[in-house]
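Those protein sequences? They're chains Z and C, same order as listed.
Heads up: the first sequence begins at 0 in numbering that gives the first Met the number 0, then just goes up one per residue.
Heads up: the second sequence begins at 0 in numbering that gives the first Met the number 0, then just goes up one per residue.
Here's the structure we're looking at; comments come further down.
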Amino acid sequence: MEIKDLLKSKVKKIQDITNLNLLRYELFAIFATTILSKEEFKSNKDITNFLNVFGITFKEYVMKTRTLIMAKTLRIIEKLEMNDLNVYKEDLKKLYLIESDDDHTKNNATRQEKNYMKDILNKYSRNKN
Amino acid sequence: MSEKKNVISFLNMKGGVCKTTLCKEMALFLVKKKAKKVLIIDIDPQANCTQSFFERYNVMGISDVDEGELIQSDTNLPSIENVFSKSHGRLREVALADIIFELDSGLHIIPGALNTVFMERETGNGSAEQKLINFIDQFGLQDVYDYIFIDCPPTYSFYTVSALLSSNYYFVPLKPDAYSLLGLDLLERVVADLKSAYRKNFSSRPLTSLGAIFTLIPKTPAKGTLRNMNQIRESFQEKEMYFFENNFPRADKLSTSKLSTFIIDRQDVELLGKLTVICEEFEERMSDLDGD
């Protein structure tokens with residue numbers, strides 16, 4: 000599974016979590032995986048935008064080392080209350096699910112424009128003239 | 000010939016789409032809950048509809064060997080065979096009692112043949128296919144009953160032709176998959192062919208589509224199921240096929256329980272509710288078409 004797909008499925012799964020510690024635990028995994036992934040972010044500069052979504056900014060020296068970025072982000076998550084965790088959850092959803100849902104609906108739309116049943120009927124219908 | 004238009008064939012060229020289930024459940028419901036008088040004609044050689052009703056009304060007696068004498072011999076029972084058999088060439092000689100079995104006051108059945116595989120007796124001249132409509136006509140059955148339901152086999156055969164020649168309407172149960180879609184298409188073709196082959200019969204007795212109804216729909220249908228239903232509806236839009244708004248649900252208990260247990264015998268409110276709205280839509284549709 001590609002990292003992107005893995006993240007999508009994880010983000011989807013946490014949407015139903017209401018338990019504080021469980022949600023925090025999952026967010027640790029998601030943020031660590033995302034930040035360390037070379038697939039997601041080729042250079043550290045790209046991580047800045049990602050963190051901005053959550054209102055997180057670090058000093059320049061931090062942004063030079065992924066290990067530091069990850070560690071400091073996890074510390075932030077560790078200290079968050081339920082309300083804030085929920086905001087993170089929502090933001091992740093927007094980032095991974097809604098955006099990708101757009102792609103998805105685009106695909107679906109093109110797929111649905113084609114009526115498979117109609118195609119089959121046209122192909123095999125015995126009521127053609 | 001009767002003015003009443005109340006003979007309905009339950010038909011699809013595809014098997015396993017709940018033709019028999021829908022036929023027997025609707026019949027019993029209309030009799031028991033709506034005080035209608037219904038005749039069921041089981042023209043399907045599998046005779047499953049007959050078996051269900053015989054079980055419910057305990058027609059064959061107790062199948063306990065020690066009490067053997069209680070078992071009704073099936074050879075004495077009325078049967079559809081007697082409508083078609085050659086020895087009764089002239090219908091006037093056929094007694095109603097040889098053909099129609101009264102399950103209770105409002106519910107009668109022309110049973111399928113249980114002891115033999117009843118086959119087409121006369122071929123070639125096509126007169127055998129008209130025996131059922133002749134029988135219905137001569138005994139004025141359309142005026143006796145509110146509805147006459149014909150449970151058909153999933154084939155294009157002598158039975159189907161007999162059924163359609165006798166029907167005012169045909170009603171198509173349909174699973175939301177591609178095979179059933181093609182079954183519906185094939186059926187439309189069969190009806191068109193029949194109408195041209197028996198032009199005379201159908202001009203005096205037009206055959207109209209009552210509509211299609213989706214069956215075996217799960218409680219929470221998968222996205223694909225819903226999509227298929229929409230696509231099938233769209234595909235037949237140009238052909239002005241009417242689709243019932245209510246669906247017949249998928250319920251494992253319907254296939255796992257005893258033949259004798261019908262939906263109205265159950266405590267399942269939801270299932271009964273579904274059957275109720277289907278029957279109501281059916282009756283509405285019947286009166287709408289009658290008004291045309």
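In this text, a Cβ means the ideal position worked out from N, Cα and C, and glycines have one as well.
Inspect the beta-carbon positions of residue 147(C) and residue 58(C) and report whether they are closer than 8 Å.
One-based indexing of the second sequence puts residue 147(C) at position 148. One-based indexing of the second sequence puts residue 58(C) at position 59. In this structure, residue 147(C) lies away from residue 58(C), with their beta-carbon atoms at least 8 Å apart.
Check whether the region 44-51 of chain C touches the region 206-214 of chain C, taking contact to mean three or more Cβ pairs, one atom from each stretch, closer than 8 Å.
Under the 8 Å Cβ criterion, the region 44-51 of chain C does not count as touching the region 206-214 of chain C, having fewer than three qualifying pairs.
In whole angstroms, give me the CA-to-CA distance for residue 49(C) and residue 9(Z).
Walking along the second sequence from the start, residue 49(C) turns up at place 50. Walking along the first sequence from the start, residue 9(Z) turns up at place 10. A direct Cα-Cα distance of roughly 54 Å separates residue 49(C) from residue 9(Z).
For residue 303(C), count neighbouring C-beta atoms within 10 Å of its own C-beta (all shown protein chains included) and say buried if the count is 16 or more, exposed if not.
Nothing in the structure corresponds to residue 303(C), since chain C is present only between 0 and 291.
If the criterion is Cβ atoms closer than 8 Å, does the pair residue 231(C) and residue 175(C) meet it?
Position 232 of the second sequence holds residue 231(C). Position 176 of the second sequence holds residue 175(C). The answer is yes: Cβ separation under 8 Å.
What are the complete alpha helix (DSSP H) segments, minimum 4 residues, inside the region 145-210 of chain C?
157-165, 177-196 and 198-203
Note down, in chain order, each residue of its chain lying with its Cβ closer than 6 Å to the Cβ of residue 109(C), except the 5 sequence neighbours on either side.
Position 110 of the second sequence holds residue 109(C). Result list for residue 109(C): 40, 79, 98 and 99, in chain order.
Please determine, among 265(C), 259(C) and 290(C), the residue with the shortest C-alpha to C-alpha distance to residue 52(C).
Numbered from 1 along the second sequence, position 53 holds the residue referred to as residue 52(C). Closest option to residue 52(C), Cα to Cα, is 259(C).
Let me make sure I understand the geometry here. Which of 38(C), 234(C), 16(C) and 15(C) has the alpha-carbon closest to that of residue 26(C)?
Against the second sequence, residue 26(C) aligns to sequence position 27. Selected option, being the one with the closest Cα: 38(C).
Please tell me whether residue 106(Z) has its Cβ less than 8 Å away from any Cβ of chain C.
As a position in the first sequence, residue 106(Z) is number 107, starting the count at 1. Residue placement at residue 106(Z) is flagged as unreliable, the pLDDT there being 47, under the threshold of 50; the coordinate-derived value follows with that caveat. It does not; no Cβ of chain C falls within 8 Å.
Leaving aside the five residues before and after residue 227(C) along the sequence, list all residues of the same chain whose C-beta is less than 7 Å from its C-beta, in chain order.
Start at 1 with the first residue of the second sequence, and residue 227(C) comes out as number 228. The answer, listed in chain order, is 175 and 176.
Which bits of chain C does residue 117(Z) rub up against, with CB to CB less than 8 Å?
By one-based count along the first sequence, residue 117(Z) stands at place 118. In chain order: 230, 233 and 234.
Against residue 187(C), what residues of chain Z qualify as contacts under a CB-to-CB distance less than 7 Å, listed in chain order?
For the purposes of this step, residue 187(C) is taken as residue 188 along the second sequence, with counting starting at 1. Correct list: 126.
Find the residues of chain C that neighbour residue 123(Z), judging by a C-beta separation of less than 8 Å, and give them in chain order.
For the purposes of this step, residue 123(Z) is identified with residue 124 of the first sequence, where counting begins at 1. Under the 8 Å cutoff, chain C gives 181 and 184.
If I follow the unbroken beta strand (DSSP E) through residue 100(C), where does it start and stop?
Taking the second sequence and counting its residues from 1, one reaches residue 100(C) at position 101. Start and end: 100-103.
Between the alpha carbons of residue 11(C) and residue 179(C), how many angstroms are there, rounded?
Position 12 of the second sequence, counted from the first residue, corresponds to residue 11(C). Position 180 of the second sequence, counted from the first residue, corresponds to residue 179(C). Distance between the alpha carbons of residue 11(C) and residue 179(C): 8 Å.
If you measure from the beta carbon of residue 120(Z) to each beta carbon in chain C, is any gap under 8 Å?
Working through the first sequence from its first residue, we reach residue 120(Z) at position 121. Yes - at least one Cβ of chain C is within 8 Å of the one on residue 120(Z).
Do you know offhand how far residue 86(Z)'s Cα is from residue 224(C)'s?
Numbered from its first residue, the first sequence carries residue 86(Z) at position 87. Numbered from its first residue, the second sequence carries residue 224(C) at position 225. Residue 86(Z) and residue 224(C): Cα-Cα distance of roughly 35 Å.
Return no unless some Cβ of chain C is closer than 8 Å to the Cβ of residue 114(Z).
The sequence position of residue 114(Z) within the first sequence is 115, counting from 1. By this cut-off, residue 114(Z) is an interface position.
Residue 243(C) and residue 211(C): beta carbons closer than 8 Å?
Along the second sequence, one-based indexing puts residue 243(C) at 244. Along the second sequence, one-based indexing puts residue 211(C) at 212. For residue 243(C) and residue 211(C), yes; Cβs fall inside 8 Å.
Hey, residue 136(C) and residue 3(C) are a contact pair by Cβ (cut 8 Å); roughly how many whole angstroms apart?
The sequence position of residue 136(C) within the second sequence is 137, counting from 1. The sequence position of residue 3(C) within the second sequence is 4, counting from 1. The Cβ separation is near 12 Å, so there is no contact.
Enumerate in chain order the residues of its own chain whose CB-to-CB distance from residue 23(C) is below 6 Å, with the five nearest sequence positions on each side excluded.
For the purposes of this step, residue 23(C) is taken as the residue at position 24 of the second sequence. The answer, listed in chain order, is 48 and 51.
Can you name the residues of chain Z whose CB is closer than 7 Å to the CB of residue 227(C)?
Here residue 227(C) corresponds to residue number 228 of the second sequence, with the count starting at 1. Under the 7 Å cutoff, chain Z gives 116.
Does the beta carbon of residue 177(C) sit closer than 8 Å to a beta carbon anywhere in chain Z?
As a working mapping, residue 177(C) is identified with position 178 in the second sequence. Yes, because at least one Cβ of chain Z sits closer than 8 Å to the Cβ of residue 177(C).
My parser needs the alpha helix (DSSP H) runs of 4 or more residues fully inside the region 214-285 of chain C; what are they?
222-234 and 251-255
Using DSSP with H/G/I as helix, E/B as strand and the rest coil, what is residue 28(C)?
Within the second sequence, numbered from 1, the residue matching residue 28(C) stands at position 29. Here residue 28(C) sits in helix by DSSP.
Please report how far the alpha carbon of residue 9(C) lies from the alpha carbon of residue 241(C), in whole angstroms.
If you number the second sequence from 1, residue 9(C) lands on position 10. If you number the second sequence from 1, residue 241(C) lands on position 242. Their Cα atoms are separated by approximately 15 Å.
Going by Cα to Cα distance, which pick from 283(C), 128(C) and 284(C) is closest to residue 165(C)?
Here residue 165(C) is taken as the residue at index 166 of the second sequence, counted from 1. Selected option, being the one with the closest Cα: 128(C).
What separation, rounded to the nearest whole angstrom, lies between the Cα atoms of residue 192(C) and residue 252(C)?
Here residue 192(C) corresponds to residue number 193 of the second sequence, with the count starting at 1. Here residue 252(C) corresponds to residue number 253 of the second sequence, with the count starting at 1. The straight-line gap from Cα to Cα measures roughly 38 Å.
According to the neighbour-count rule (16 or more other Cβ atoms, all chains shown, within 10 Å of its Cβ), is residue 184(C) buried or exposed?
Counting from one through the second sequence, the residue named residue 184(C) turns up at place 185. It is buried - the Cβ of residue 184(C) has at least 16 other Cβ atoms within 10 Å.
With distances taken from CA atoms, which of 36(C), 84(C) and 113(C) is nearest residue 101(C)?
For the purposes of this step, residue 101(C) is taken as the residue at position 102 of the second sequence. That would be 36(C), whose Cα lies nearest to the Cα of residue 101(C).
Within its chain, find whatever has a CB closer than 6 Å to the CB of residue 273(C); leave out the 5 residues flanking it on each side and keep chain order.
What you label residue 273(C) is simply residue 274 of the second sequence in a count that begins at 1. If we look at residue 273(C) and ignore the five residues flanking it on each side, its Cβ neighbours are 248.
When you check each C-beta in the region 186-213 of chain C against every C-beta of chain Z, which residues fall closer than 8 Å?
Per Cβ criterion, the list reads 187, 188 and 191.
Identify, in the order they occur along the chain, each residue of the same chain with its Cβ nearer than 6 Å to the Cβ of residue 36(Z), setting aside the five sequence neighbours on each side.
Along the first sequence, read from residue 1 onward, the residue named residue 36(Z) stands at position 37. Closer than 6 Å at the Cβ level, and outside the excluded window around residue 36(Z), lie 2.
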